[in-house]
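A.B. asks: If you count the sequence shown from 1, position 471 lands on 471 in this note's numbering, and the numbers rise without skipping. Virtual Cβ for every residue (Gly too), placed ideally from N, Cα, C. Computed from a predicted structure; not experimentally measured.
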Amino acid sequence: MARFKAKQPSSGAAEKKKPRMSNAERSAYFSRREAAKVLRSVLQGDAHRRAVASIKSLVYSPSIKNKKATFALVCQTLKHLPIIKDVLEGANILNSRWKRQVELVYIITYDILFGQEISFVGEAEKFLLQRKVSLQSALARLLVRKKMKRIEDLLDHYQTPDVSKPRYVRVNTLKLDVDSALIELRKQYMVEKDDLVPDLLKLPPKCDLHDHPLVMNGSVFMQGKASSMVAAALDPEPGWEVLDACAAPGNKTVHLAALMRGKGKVIACELNKERIKRLADTVRLSGACNIEVFHSDFLSLDPKDPPYSKSYLFFKFSSKLTLQVRAILLDPSCSGSGTVAERLDHLLPSHAAGQSANVDETERLTKLASFQKKALTHALCFPQVERIVYSTCSIHQIENEDVVKSILPLAASHGFRLATPFPQWHRRGLPVLEGFEHLLRTDPVEDKEGFFIALFIREEGSVVHPSLSPDSSQLSLVERTKRKNLSKKEARIIMPTLFGGMFKMFLYSKPCFRVNLK
1 MARFKAKQPS SGAAEKKKPR MSNAERSAYF SRREAAKVLR SVLQGDAHRR
51 AVASIKSLVY SPSIKNKKAT FALVCQTLKH LPIIKDVLEG ANILNSRWKR
101 QVELVYIITY DILFGQEISF VGEAEKFLLQ RKVSLQSALA RLLVRKKMKR
151 IEDLLDHYQT PDVSKPRYVR VNTLKLDVDS ALIELRKQYM VEKDDLVPDL
201 LKLPPKCDLH DHPLVMNGSV FMQGKASSMV AAALDPEPGW EVLDACAAPG
251 NKTVHLAALM RGKGKVIACE LNKERIKRLA DTVRLSGACN IEVFHSDFLS
301 LDPKDPPYSK SYLFFKFSSK LTLQVRAILL DPSCSGSGTV AERLDHLLPS
351 HAAGQSANVD ETERLTKLAS FQKKALTHAL CFPQVERIVY STCSIHQIEN
401 EDVVKSILPL AASHGFRLAT PFPQWHRRGL PVLEGFEHLL RTDPVEDKEG
451 FFIALFIREE GSVVHPSLSP DSSQLSLVER TKRKNLSKKE ARIIMPTLFG
501 GMFKMFLYSK PCFRVNLK
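1. Report, in whole angstroms, the separation of the C-beta atoms of C269 and S296, which I expect to be a contact under 8 Å.
2. Give me the Cβ distance between V121 and E25, rounded to the nearest whole Å; I'm assuming they're in contact under 8 Å.
3. Could you check if P249 is buried or exposed, using at least 16 other CB atoms within 10 Å of its CB as the buried criterion?
4. Using 8 Å for Cβ pairs, my map puts L176 next to L201. What's the rounded Cβ distance?
5. In its own chain, which residues sit with a C-beta less than 7 Å from the C-beta of A247, not counting the 5 before and 5 after it?
6. Can you grab the Cα-Cα spacing for the pair A411 / A327, in whole Å?
7. Along the chain, where does the alpha helix (DSSP H) containing L143 start, and where does it finish?
8. Do the segment 230 to 249 and the segment 376 to 389 meet, that is, are 3 or more Cβ pairs less than 8 Å apart?
9. Which term fits S63, buried or exposed, when burial requires 16 or more other beta carbons within 10 angstroms of its beta carbon?
10. Does the segment 131 to 138 touch the segment 105 to 115, meaning 3 or more C-beta pairs lie closer than 8 Å?
11. So within the segment 156 to 236, which uninterrupted alpha helix (DSSP H) runs reach at least 4 residues, ignoring any that extend past its ends?
12. Buried or exposed: where does M216 fall if 16 or more other Cβ atoms within 10 Å of its Cβ makes it buried?
13. For the segment 75 to 88 and the segment 232 to 241, state whether three or more C-beta atom pairs, one from each stretch, are separated by less than 8 Å.
14. Taking V385 as the reference, give the member of R131, L256, R458 with the closest Cα.
15. Can you find the residues in the same chain that come closer than 8 Å, C-beta to C-beta, to L203, ignoring five residues on each side of it along the sequence?
16. Just to confirm my understanding: we take H414, look at its own chain, exclude 5 residues before and 5 after, and list those with CB closer than 6 Å. What are they?
17. Would you mind stating whether E449 and K147 have Cβ atoms separated by less than 9 Å?
18. Is the distance from the Cβ of R261 to the Cβ of E125 below 9 Å?
19. What are the start and end residues of the beta strand (DSSP E) that includes F416?
20. Contact defined as beta carbons within less than 8 Å: I believe S219 pairs with N172. What is the distance between those atoms, to the nearest angstrom?
21. Am I right that L418 and F456 are in contact with their C-beta atoms under 8 Å? What's the rounded C-beta distance?
22. Pick helix, strand or coil for S296, following the three-state DSSP scheme.
23. With R261 as the anchor, note down where its alpha helix (DSSP H) starts and where it stops.
24. Which partner residues does A268 have in the DSSP bridge list?
25. May I ask you to report which of helix, strand or coil DSSP gives F71?
26. Going by beta-carbon coordinates alone, are L440 and F416 separated by less than 9 Å?
27. Distance check for L43 and I83, CA to CA, integer angstroms please.
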């Protein structure tokens with residue numbers, strides 16, 4: 001039998017072998033790349049004025065491992081981004097290859113000029129470190145051009161004010177009771193219960209809870225007070241079927257599930273392909289088993305479709321179960337002007353240019369308001385719905401009071417009236433429509449967040465609960481068959497009334513979390 005001797009590497013090959021990274025180098029290397037990935041998503045969303053998520057949501061998603069380092073790098077790079085761009089342009093060192101990875105270049109350039117000392121680990125790091133002198137020279141020329149003597153003066157020129165606000169966390173009562181959460185958190189922090197929102201706790205500003213075990217395992221969610229007021233204003237009852245029309249990133253969705261004590265069902269609609277991933281992660285973390293994530297446009301749902309318009313009566317074992325959409329939470333896309341500080345939008349390029357882009361912003365607000373009116377009009381058309389909450393994180397009248405005012409006649413024709421969420425809250429809507437005192441606002445300065453909430457309640461007697469006859473049972477099943485895009489063969493199999501009832505029993509009552517992709 002022939003024997004083969006392994007070929008020994010030459011001394012030259014050994015010299016070319018890459019040195020092993022230390023733990024610190026490895027951590028920094030991957031943090032820079034995670035930060036570049038987040039930065040790319042942030043800048044692309046800002047350029048198209050359609051962010052996938054806030055900076056914090058992107059950084060603290062499960063896919064990011066080194067969250068603290070990544071968050072610091074992203075924020076600091078964004079703060080220095082105008083300087084970094086000017087320096088790179090002045091140094092004129094980027095070829096086509098690195099222009100395709102420009103976000104990583106921004107991150108590393110920040111570290112070289114303003115951050116920590118970095119090693120030659122990584123091709124991008126090596127490329128830029130070899131041109132450190134050119135970068136520093138370009139920075140010096142920028143100082144001269146801006147008529148500033150020190151780098152600190154240049155940094156102060158771009159500095160943004162710090163917004164300090166209390167840290168709020170909402171206890172996920174599906175996993176933990178409030179008293180147990182208080183005991184655990186008080187081991188490290190000063191904690192008190194909020195006086196308005198059940199299950200909400202207040203901590204001192206700048207408490208970093210991102211790595212706290214209760215946050216990591218979904219026992220508590222970091223959620224602002226105003227945001228937590230939205231689901232609480234809807235106040236769904238256990239056993240109801242609730243539709244969350246624009247659900248991502250999912251904090252309000254899982255709050256609904258908790259308020260319902262895990263009973264009934266929450267249908268969480270989300271159209272955006274990227275945001276639905278974040279929504280699914282939030283639902284899994286919460287442990288809620290009564291949420292169905294539906295990858296679809298809320299406006300495409302037909303209010304006359306039986307799952308939303310009729311009462312389904314069938315037997316699960318020995319218990320009769322009635323299913324119908326009873327409430328809708330509508331928190332549509334908005335300008336986000338009330339949470340600029342919380343979302344760190346003041347770090348984005350569009351914010352820096354915002355003062356000179358009033359025409360574009362007005363056009364954007366008009367388009368947003370048009371969509372918001374369509375969405376609220378659509379929500380009012382669901383015949384079995386008894387309660388609707390419309391909310392935004394905007395301070396603009398055009399997205400808030402004007403939207404509500406425009407649909408009030410339609411709401412009245414469907415039997416809805418404005419109700420008062422949190423009557424003890426002192427800040428109400430702008431006096432530009434009848435019933436403004438029922439609307440709720442929070443102030444971005446005094447309350448640290450700018451939210452708007454409108455609660456619609458259908459007058460008693462306006463809701464019709466039709467009984468389900470055998471004929472309508474077959475009709476609803478046909479509609480359901482079309483909706484699920486089943487083949488004709490499958491449709492023939494499930495058409496009988498008896499099997500159809502079993503199919504609906506499985507579809508609606510099985511206590512599990514599902515993602516439906518259309």
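C.D. replies: Let me spell this out:
1. 6 Å
2. 5 Å
3. buried
4. Incorrect: roughly 11 Å between the Cβ atoms, too far for contact.
5. T253, A268, C269, E270, L279
6. 15 Å
7. 132 to 145
8. yes
9. exposed
10. yes
11. 178 to 185, 213 to 216, 225 to 234
12. exposed
13. no
14. R458
15. P166, R167, Y168, V169, L185, Y189, M190, V191, L209
16. L380
17. no
18. no
19. 416 to 419
20. 6 Å
21. 6 Å
22. coil
23. Counting along the chain, R261 falls outside any alpha helix (DSSP H), and DSSP gives it neither H nor E.
24. D244, V293
25. helix
26. no
27. 16 Å
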